[in-house]
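To start, the structure itself, in structure tokens.
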Amino acid sequence: MLGTSDLRLILAAILASILAMAQYAGHANEPPIYLLPLCAFALLMSLPLLARIQGFTLVSWLIAATVLFDEPRNFAYNEWDPLTETLGPLLYERLRELNVPVLIMTPLEILTIGLALWLMFSCGRRELRSLLTSSRFRLVACLVVLLPTVGVIAVLRGQLSGGDLGVAMTQLRTFPYFGLWLYIGYVGYRHPRQIPLLFTLIIAATMIKCLLGWWAFFVIYGMSMGQREYLIEHITSEHIAICMLLISYLWWHYRRHLWHTALAASCLLILVLPYFLNLRRASFLGLAMTLALIPVIYHKNVRRRHVTGACSASAASLLVMTLLWNTSSPLSILINPFKRFFIKDKYFDLDYRDVENFNQFHEAMDFPFTGWGFGHHMKMHLPLTDISQFYPLYDVLPHNNVLFMWANGGPLAAAAVATICAFSFAVTLRLSRIATETHTKLLAFLGWGMVIRWLVYAYTDVGLFAFRLPALLGLVVGMTIHSLATPHLAKEPAYVPI
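Counting in our numbering, the sequence shown runs without a single skipped number right up to 1227 at its last residue.
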């Protein structure tokens, strides 16, 4: 189970959420100024630690901040600005009011590049030489440059055919992130004992967002979602899925006392309701695929009682769905996610993504072997809703990223995405087969599931264009490759948490 220090951190996250809720009571649209003294106190208390802080600790805190803060213009809660959305611009928006050339980049981009460079030059000369000459690093280097190289080729193709360079740079802005975070994970990760801090921080950040979601649903929305499409912004569903799998894994393997079960059940209760209310079909499908692959990948550990339990739970779920399908019971929110797979919006004959995919497919057929090149606006064979007021250089924010890559970069760009997925799945699956150390097994288990769900997001819901998905996946894949390069650590005797 989680260690004592991990539990303290999660409890601190819950306390911060409660304070944020109290601040929002009665004046939901005010910025969270009452939390600033708390943040200042926490920063002051952490100053003595900065002198001896390790590189991967910085990595863990930065990736947790990307999980906690909302990317701008997602309008997560629709009627009020939560703490996570108010803080989002600190990382995700350019500082336009400061006329400094480097600040055309976002703070998060600057921090990512700076962290990668710092990790490179903080290595000793001998360590850096052995790192650069290893066969594993050549694999890492190929994965780092793969998407940016394909992007540059497609930009040149677009410029030769009259494309807009500003549009092109917007379309491929997130391409370097997977590679940079893969490098950060490979170089910054040193020992399996660093894994608990990373995932504890992710749990804490996700708990904050879920508790704020509970507050919005029960207090502000009056327990009714109405016509709202989602409760928390889209990508948080993936972080909730990671946390639910992580907590379930720890409970399954390391429960010793009744309070372990009570703690796991309490955490899952906080996570499950916002996950269902968020209604992200891509996340539901990806999580279902992950659960379905567990007995296939870990077939040696499957027992008859596991199969019986899974079949019983599936039958009970189908029965509940059947009973609640056409009812107005409050419990019907549990089956709304499944309804969205079968029932289309009554106001539209075609789903928005159907029209978008139709347009992108016809774009791809215009130049099936080279693509249009980045920098072109989508050709509207069928009209789509104008979103330029939110995303100025986009006619659409493409949901099927693989089709978008084919339409603009040709088969080469689509193959680059497929290659990244294949390599990522291969290394995480390999680690799951050879790891015996407790934390490394956990990393492998979460890793291959993240690859599966990222691929689902890439096909259906902006998996390439939301910073947090490729960044977190790249970090985990980099840590996995490092674990394979140091098998003596992956096979250490299991470390037992307090």
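Glycine included, every Cβ here is placed at the ideal spot set by N, Cα and C.
Two segments are said to touch when three or more pairs of C-beta atoms, one from each, lie closer than 8 Å; by this definition the stretch 831-851 touches the stretch 904-918. Residue 973 and residue 1204 have their C-alpha atoms roughly 19 Å apart. A Cβ-Cβ distance of about 14 Å is found for the pair residue 1137 and residue 1086, leaving them out of contact under the 8 Å criterion. Distance from the Cα of residue 1144 is smallest, within the candidate group 876, 867, 1005 and 1048, for 876. Counted as a single uninterrupted DSSP element, the alpha helix (DSSP H) harbouring residue 1090 occupies residues 1081-1095. A straight line joining the alpha-carbon of residue 1146 with that of residue 891 spans about 25 Å. The Cβ neighbour count for residue 958, taken over all protein chains shown within 10 Å, is under 16; the residue is labelled exposed.
Taking a 10 Å sphere around the C-beta of residue 944, we find 16 or more other C-beta atoms and assign the residue as buried. In terms of Cβ geometry, residue 1186 and residue 967 form a close pair [threshold 8 Å].
Within 10 angstroms of the beta-carbon of residue 956 lie fewer than 16 other beta-carbons, which makes it exposed. If you draw a 10 Å sphere on the C-beta of residue 1083, you find fewer than 16 other C-beta atoms in it, and that means exposed. When DSSP states are grouped into helix, strand and coil, residue 1032 belongs to the coil group. Assignment of residue 920 by DSSP, reduced to helix, strand and coil, places it in the coil class. The straight-line gap separating the alpha-carbon atoms of residue 1021 and residue 978 is approximately 15 Å. A distance below 6 Å between beta-carbons, with the five flanking residues on each side excluded, links residue 1216 to no residue of its chain. By the beta-carbon neighbour count (other beta carbons within 10 angstroms, threshold 16), residue 1170 is buried.
Look at residue 1198 here: in three-state DSSP terms it is helix. Residue 934 holds the alpha-carbon nearest to the alpha-carbon of residue 798 among 900, 789, 1033 and 934. In the three-state reduction of the DSSP assignment, residue 789 falls in the helix class.
Counting the other Cβ atoms within 10 Å of the Cβ of residue 1054 gives fewer than 16, which makes it exposed. Fewer than three Cβ pairs drawn from the stretch 1170-1179 and the stretch 1004-1013 lie within less than 8 Å of each other, which leaves the two stretches out of contact. Counting only residues of its own chain and dropping the five nearest sequence neighbours on each side, residue 919 has a CB closer than 7 Å to the CB of 785.
A straight line joining the alpha-carbon of residue 1112 with that of residue 1090 spans about 14 Å.
When the five nearest sequence neighbours on each side are left out, the beta carbons in the same chain lying within less than 6 Å of the beta carbon of residue 1173 are those of 1157, 1160, 1161 and 1164, in order along the chain. Look at residue 823 here: in three-state DSSP terms it is coil, with no helix or strand label. Under the three-state reduction of DSSP output, residue 898 falls in the helix class. Between residue 941 and residue 812 the beta-carbon gap is near 7 Å, inside 8 Å, which marks them as a contact.
It is roughly 8 Å from the alpha-carbon of residue 975 to the alpha-carbon of residue 928. In the displayed model, residue 1108 falls within coil according to three-state DSSP, outside both helix and strand. Residue burial is scored here from C-beta neighbours: residue 1098 has fewer than 16 other C-beta atoms within 10 angstroms and is therefore classed as exposed.
At a Cβ-Cβ threshold of 8 Å, residue 863 and residue 1155 do not count as neighbours.
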